[in-house]
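Heads up, the thing below is written out as structure tokens.
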Amino acid sequence: MYGRLAGRRLPFLYKAPEEGLKVSALCGGRNGLYLKGSICGIRCLMLVDTGANVTLVRTDLAQKLKENFIYTAPNISLKTVTGEKAEIRGKLDAAIECGCRKFQHRIYVADITDPCILGLDFLQKFNFTVDLEKNEIRTGGEEIPLFSASAEHSKLCSVLAKEKLLYQQDRNALSRESQKFLENSDTP
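Throughout the sequence shown, residue numbering follows full-length UniProt numbering, covering 1 to 188 in sequence.
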């Protein structure tokens, strides 16, 4: 059954590197898993996207790194699974820092919402393992935590709501239960 495929090359291997660029979405939409890292020393959130076959950086972030920027022909675009298209503005030879390690990788520059999308090209090249049960990504023995932007966003809203409650109401008027809740919370 598998013998017919032996020695045959996959059709996408014949394409130029810029053909057939695909991502799952132009942004994680606060539903994806992110890690904290940096690109050429600029700190940013990176969406881990195993559905993207290339790694992308947002145009405004790449423009801060002019010396590493390589322009490409304007007719190259990428396509999402939903059919959205985004023009590739160029390429960037970048030092990507994840956890305690630095990786040199060529990434594409496009008008995307997230600062950076780590695609399958990067994840496979540097032997990353995504562990969804533990919400972490591993490489070279290092475990890098992943988080959902929606979870981070909800924590922020929760803290703001608690602070607003404290300022709007007199502390003496708060019930004992509310005071205990606020004393035991992790807000400063």
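For each residue, glycine too, the CB sits at the ideal point set by N, CA and C. Note that the structure is a prediction, hence the values are computed from the model and not measured.
I'd like to know whether the C-beta atoms of residue i and residue j end up nearer to each other than 9 angstroms.
{"i": "residue 35", "j": "residue 99", "result": "yes"}
{"i": "residue 149", "j": "residue 31", "result": "yes"}
{"i": "residue 130", "j": "residue 57", "result": "no"}
{"i": "residue 39", "j": "residue 97", "result": "yes"}
{"i": "residue 91", "j": "residue 112", "result": "no"}
{"i": "residue 45", "j": "residue 37", "result": "yes"}
{"i": "residue 135", "j": "residue 33", "result": "yes"}
Looking at the structure shown, is residue i part of a helix, part of a strand, or coil, going by DSSP?
{"i": "residue 44", "result": "strand"}
{"i": "residue 52", "result": "coil"}
{"i": "residue 103", "result": "strand"}
{"i": "residue 66", "result": "helix"}
{"i": "residue 132", "result": "coil"}
{"i": "residue 60", "result": "helix"}
{"i": "residue 93", "result": "strand"}
{"i": "residue 78", "result": "strand"}
{"i": "residue 122", "result": "helix"}
{"i": "residue 14", "result": "Confidence is the limiting factor: at residue 14 the pLDDT is only 40, short of 50, which leaves the residue's position unreliable, though a coordinate-based value still follows. Helix."}
{"i": "residue 173", "result": "With a pLDDT of only 41 at residue 173, under the threshold of 50, the placement of this residue in the model should not be trusted; the figure read from the coordinates follows. Helix."}
Could you say which of the options lies nearest to residue i if we only look at CA atoms?
{"i": "residue 104", "options": "113, 112, 114 and 93", "result": "93"}
{"i": "residue 53", "options": "141, 117, 42 and 95", "result": "117"}
{"i": "residue 141", "options": "101, 106, 132 and 84", "result": "101"}
{"i": "residue 132", "options": "124, 112, 111 and 49", "result": "49"}
{"i": "residue 115", "options": "47, 41 and 33", "result": "47"}
{"i": "residue 61", "options": "42, 78, 77 and 51", "result": "42"}
{"i": "residue 77", "options": "143, 33, 89 and 145", "result": "89"}
{"i": "residue 95", "options": "68, 143 and 63", "result": "68"}
Assuming residue i and residue j make a contact with CB atoms under 8 angstroms, what is their CB distance in whole Å?
{"i": "residue 137", "j": "residue 147", "result": "That pair is no contact at about 11 angstroms."}
{"i": "residue 126", "j": "residue 55", "result": "About 11 angstroms separates the two Cβ atoms, so there is no contact after all."}
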